[in-house]
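Student:
Residue numbers (our numbering): 90 to 196.
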């Protein structure tokens with residue numbers, strides 16, 4: 090009889106502890122999962138800032154701006170020498186000017 094009572098006591102203690110242990114495990118996974126997700130989002134933001142401050146990015150944007158400026162100058166020359174396509178050339182120039190402004194305003 091004493092053995093059966095011990096088994097009942099162990100089972101009741103185990104079943105009392107099991108939900109608490111499972112709850113603790115679930116909370117730990119949620120906390121670490123949340124921290125990991127925040128780290129991934131924060132990591133991407135930091136990566137973006139580092140990329141925009143990098144030498145390669147800045148030089149690439151400077152090169153793109155120089156190319157756009159050269160294209161605008163070429164369109165000015167073509168506007169003076171080619172009056173029959175004036176409206177199309179003006180439209181192209183305004184598009185290139187907008188792109189140049191976007192690059193130089195957001196370094």
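Even glycine gets a Cβ: it sits at the ideal position worked out from N, Cα and C. Here the structure is a predicted model, which means the values were calculated and not measured.
CA-CA distance, residue 176 and residue 133?
Tutor: 44 angstroms
Student: Apply the 10 Å Cβ neighbour rule to residue 164 and answer buried if 16 or more other Cβ atoms are within range, or exposed otherwise.
Tutor: Buried, because 16 or more other Cβ atoms sit within 10 Å of the Cβ of residue 164.
Student: Quick check on residue 160: does DSSP put it in helix, strand or coil?
Tutor: helix
Student: Going by C-alpha distance, which of 182, 139, 149 and 146 is nearest residue 168?
Tutor: Minimum Cα distance to residue 168 is reached at 182.
Student: Just curious, the alpha helix (DSSP H) that residue 186 is in, first and last residue?
Tutor: 175-194
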